[in-house]
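Down below is the structure, laid out as structure tokens.
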Amino acid sequence: MPTSWYDTSFRKLFFDFHSAGAAVGLAARFDAERWAERVQEANAQAVSVFTKCGFGYSFYQKGTVRYQHPHLPAGLDMLEAQITALHKRGLRALGYYHTFNSEPIARDHPNWIERDADGKPRGLSICLLSPLLVEWMLPHVEEIVTNYAVDALFFDGTYAHSPCHCAACQTRFAEASGGLAVPKDKQDPAWPRFVAWKLAALQEVRQSVCDTIHRHRPEVVVAVNWAYTPRMPEVVPAGLGALVADIHPDDQVFEGSYLSSYWALLERPFDVMNAAFLQWWGDWGCKPALAMQQEVAPVLAHGGLTWVGYQMTHEFDVAPAVMGELGKTLAFVREREPLLVGAESVPHVAVLHSTEANHPQEEVAFFVNEGSARGAHRLLTESMIPHHLVHEQTLRERLPEFGAVFLPDQRYLQPELVPALAEWVEAGGVLVATALTGTLDDDHRDTGRFALEGLLGIRYEGVYDQSHAYFEVTDTRLTPGTLDMPHLAEAKFAFARPVAEDVECLARLRKAYLRSDGQSLLRWSPVGEDSGYPAITLRPVGKGWAAYFAGDPFRAYQAKNQWNLKHVVANLLRLTLPDPPVEVEAPAWLEVVVRRQSAASAPDGGERLLVHLVNQHGDRPVDGNYRCTEQIVPVQGVVVRLRSEARPSRVTLEPAGAVPEWEHERGVTTVHVPAVDIHTVVAVAA
Ligand SMILES: [Zn+2]
16 MPTSWYDTSF
26 RKLFFDFHSA
36 GAAVGLAARF
46 DAERWAERVQ
56 EANAQAVSVF
66 TKCGFGYSFY
76 QKGTVRYQHP
86 HLPAGLDMLE
96 AQITALHKRG
106 LRALGYYHTF
116 NSEPIARDHP
126 NWIERDADGK
136 PRGLSICLLS
146 PLLVEWMLPH
156 VEEIVTNYAV
166 DALFFDGTYA
176 HSPCHCAACQ
186 TRFAEASGGL
196 AVPKDKQDPA
206 WPRFVAWKLA
216 ALQEVRQSVC
226 DTIHRHRPEV
236 VVAVNWAYTP
246 RMPEVVPAGL
256 GALVADIHPD
266 DQVFEGSYLS
276 SYWALLERPF
286 DVMNAAFLQW
296 WGDWGCKPAL
306 AMQQEVAPVL
316 AHGGLTWVGY
326 QMTHEFDVAP
336 AVMGELGKTL
346 AFVREREPLL
356 VGAESVPHVA
366 VLHSTEANHP
376 QEEVAFFVNE
386 GSARGAHRLL
396 TESMIPHHLV
406 HEQTLRERLP
416 EFGAVFLPDQ
426 RYLQPELVPA
436 LAEWVEAGGV
446 LVATALTGTL
456 DDDHRDTGRF
466 ALEGLLGIRY
476 EGVYDQSHAY
486 FEVTDTRLTP
496 GTLDMPHLAE
506 AKFAFARPVA
516 EDVECLARLR
526 KAYLRSDGQS
536 LLRWSPVGED
546 SGYPAITLRP
556 VGKGWAAYFA
566 GDPFRAYQAK
576 NQWNLKHVVA
586 NLLRLTLPDP
596 PVEVEAPAWL
606 EVVVRRQSAA
616 SAPDGGERLL
626 VHLVNQHGDR
636 PVDGNYRCTE
646 QIVPVQGVVV
656 RLRSEARPSR
666 VTLEPAGAVP
676 EWEHERGVTT
686 VHVPAVDIHT
696 VVAVAA
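Right, dumping it as structure tokens:
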């Protein structure tokens with residue numbers, strides 16, 4: 016992947032300017048020069064410019080395809096003026112393009128509007144699979160990139176999310192499926208086929224948009240909001256220059272951390288767009304800078320870029336106080352840039368989140384079930400275990416670099432992954448498969464056997480038919496930190512019979528109690544009889560280990576806060592990977608992310624290992640309010656241990672550059688970090 020200016024575009028701002036046709040007084044305070052100055056004063060390197068808003072209007076003069084906003088002051092070309100003023104100051108202009116909503120198109124082409132199952136039009140939402148794309152949108156995009164020097168184009172709402180019953184969708188799906196109708200709901204037998212068709216159709220839409228832009232201007236960086244996130248785990252196509260998502264507002268610290276742990280290994284620059292709003296786009300409140308600094312910290316730790324969002328008034332203005340808080344947030348980013356340039360992620364633990372995750376027949380959906388992925392990220396983060404979520408392509412390519420791999424209920428495994436994993440375990444890898452991993456064939460039908468049977472040493476004998484069951488941990492190596500009781504897990508359990516002599520059983524699978532009518536005692540049942548099957552097995556294979564959990568502990572943790580399983584998983588990793596490259600001890604957990612900075616980018620010309628410590632604690636969202644951290648409680652007395660034969664030449668705490676207390680003994684460097692406020696990096700120079 017060739018590097019582009021985008022790789023070092025660390026500090027970006029985004030301002031919504033969605034303007035309905037009835038927005039009078041539009042752009043009354045528009046002053047492109049002053050605006051560019053204010054963006055620069057807020058420490059940004061780049062800012063959004065609107066090419067088409069969420070009401071379908073543009074704010075420029077050139078070309079003929081666009082619908083100009085009816086109240087755009089006569090002769091004013093806002094797009095041209097902004098780009099010129101920004102470029103004059105060395106700032107980049109990031110074009111925003113809303114792909115579906117449009118007042119004027121809904122008026123002029125009512126048959127292009129999306130339709131419900133009963134044929135009712137869906138407001139202003141224009142179907143991307145209608146003639147819109149070819150007859151209007153691609154020419155419009157072409158008009159923008161050929162007339163205006165946008166440096167990037169960011170498309171919003173360009174993914175499959177629900178069935179549309181417009182004439183175009185009906186015709187196109189019927190043609191593709193041999194005459195099937197667009198399903199009304201998930202119960203329709205054609206549903207899986209329809210979802211696959213629509214996902215592919217939207218891939219083509221995105222491809223044609225990229226192609227149209229790059230035919231004229233190959234240098235323009237194209238990004239698509241929310242595409243290629245864990246909820247839509249597709250392989251990123253070549254035309255996509257960057258990954259962006261305006262994350263959900265409930266907890267932007269967690270969301271940014273989660274998304275970054277997946278995007279970090281996708282080999283694209285990525286932006287996690289947090290927002291200054293107190294609730295969501297469209298409210299006019301503003302978080303304190305400290306809250307936003309905490310939100311961007313995990314993103315930076317994972318090597319991401321920041322693009323903080325807010326909105327401007329219809330007059331084209333943003334309150335100075337808001338610009339001030341955004342400026343402080345970006346100053347926090349700038350202070351850390353010497354730690355970000357030329358650094359790359361160091362793989363340690365992988366969690367597979369397959370691109371095939373939405374194919375198991377029972378839960379085909381446009382957005383995959385992220386329960387296991389989110390649970391895995393939360394569980395491992397809180398256990399201070401550095402990790403990445405990866406899809407199967409990344410896993411295959413980088414397998415030798417990982418010490419441990421989790422396969423959390425990954426029902427379809429690519430056939431070529433199976434021998435690769437076996438070879439890797441033999442050479443010392445730790446594999447942990449859970450639940451129904453590897454039980455589907457290429458057509459996503461149940462095979463009745465584990466693809467990993469030979470490696471795990473267990474045979475698949477069926478599925479427990481209740482919504483929950485119990486882990487009864489019998490091996491005391493897994494119990495430290497847990498309560499002495501069976502642990503309820505709300506997850507799908509498999510019955511797995513050990514078939515190799517060297518399989519150890521570390522926990523029993525206990526069923527839930529059932530009444531005489533076959534129901535749970537209450538919504539959940541107390542622990543019932545032993546199932547006759549193990550809940551956790553462990554087998555030595557060559558220099559490595561192959562472990563199995565009959566139910567997915569990550570999903571169970573996410574579904575019910577089953578915290579005991581967090582310790583069980585961490586204890587298992589401690590047992591099988593006793594000497595991890597980095598270990599952290601702290602009175603309260605910190606997110607730990609390990610990166611390596613090349614000698615060319617490090618300040619003293621020597622390669623550095625960077626251990627990012629992020630303090631995610633603070634605030635407590637209640638009653639539907641979202642997280643907004645006003646105070647940080649520093650985590651004090653942190654100890655970081657790194658394995659390296661040679662004594663480091665220098666250890667510092669960044670970005671301040673302080674020299675901590677540290678020692679090197681018998682291949683272990685121990686660093687004492689007095690306190691972690693929001694984000695501290697232990698920089699260890701070779
Ligand atoms: Zn449609």
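The numbering of the sequence shown is this note's numbering, which starts it at 16 and goes up by one.
In this text, a Cβ means the ideal position worked out from N, Cα and C, and glycines have one as well.
No experiment lies behind these values; they were computed from the predicted model shown.
| Item | Value |
| --- | --- |
| Closer than 6 Å: A144 CB and nearest ligand 1 heavy atom | First, the amino acid is wrong: residue 144 is Leu here, not Ala. Yes, since a heavy atom of ligand 1 falls inside the 6 Å radius drawn around the Cβ of L144. |
| Complete beta strand (DSSP E) runs within the region 52–78 (minimum length 3 residues, chain order) | 61–67 |
| DSSP state of I141 mapped onto helix, strand, coil | strand |
| Simplified DSSP assignment, three categories, for D31 | strand |
| Rounded Cβ spacing between H632 and P495 (contact assumed at less than 8 Å) | That pair is no contact at about 23 Å. |
| Runs of alpha helix (DSSP H) wholly within the region 293–362 (minimum 4 residues, chain order) | 304–316 and 335–355 |
| Coil, strand or helix - W604 by DSSP | coil |
| Whether E407 touches R611 by CB criterion (7 Å) | no |
| Rounded straight-line distance, which links the Cα of V235 to that of S19 | 10 Å |
| Sub-7 Å separation of D545 and R512 beta-carbons | no |
| Supposed close pair F169, Y111 - CB separation, criterion 8 Å | 5 Å |
| For L395 and V364, the rounded distance between their alpha carbons | 9 Å |
| Exposure label - D424; buried when at least 16 CB within 10 Å | buried |
| Rounded C-alpha distance that separates A419 from A690 | 30 Å |
| Option nearest A89 by Cα separation, candidates A42, S63 and C142 | A42 |
| With 16 other Cβ atoms within 10 Å as the buried cut-off, status of Q577 | buried |
| Start-end ranges of the beta strand (DSSP E) lying completely within the region 594–645, minimum 3 residues | 597–600, 606–612 and 623–629 |
| Inter-residue spacing [alpha-carbon to alpha-carbon] between T244 and T173 | 13 Å |
| Beta-carbon contacts of V165 that lie in its chain and below 6 Å, excluding the five residues immediately before and after | A108 and G110 |
| Segments assigned beta strand (DSSP E), at least 3 residues, entirely inside the region 642–671 | 650–658 and 665–669 |
| Through-space distance from Q326 to S34, alpha-carbon basis | 11 Å |
| P248, buried or exposed, once every other Cβ within 10 Å from all chains shown has been counted against 16 | buried |
| Assigned exposure category for A702 - 16 Cβ within 10 Å defines buried | This structure does not reach residue 702, given that the chain is present from 16 up to 701, and the question cannot be answered. |
| Host beta strand (DSSP E) of R411 (start-end) | Unbroken run through R411 is the alpha helix (DSSP H), E407 to R413; no beta strand (DSSP E). |
| Endpoints, beta strand (DSSP E) assigned at F45 | Per DSSP, F45 belongs to no beta strand (DSSP E) and is neither H nor E. |
| Supposed contact pair P303 and E340 - C-beta distance, whole angstroms, cut 8 Å | 6 Å |
| R221 burial status per 10 Å Cβ neighbour count (16 or more: buried) | buried |
| Length of the line joining the Cα atoms of R187 and S140 | 19 Å |
| Outcome for N640 when other beta-carbon atoms lying within 10 angstroms are tallied against a minimum of 16 | exposed |
| Proximity to R413 [Cα-Cα], best of V686, L432, A51 and I400 | L432 |
| Inter-residue spacing [alpha-carbon to alpha-carbon] between H231 and P618 | 39 Å |
| Residues of its chain near W439, where Cβ-Cβ distance is below 6 Å and the 5 sequence neighbours each way are ignored | L414 |
| Heavy atom of ligand 1 within 6 Å of G183 beta-carbon | One detail in the question is off: residue 183 reads as Ala in this sequence, not Gly. Indeed, a heavy atom of ligand 1 lies less than 6 Å from the Cβ. |
| Cβ-Cβ separation, G566 to T449 (assumed contact under 8 Å), whole Å | 7 Å |
| Rounded distance between the beta-carbons of E678 and T685, thought under 8 Å | 5 Å |
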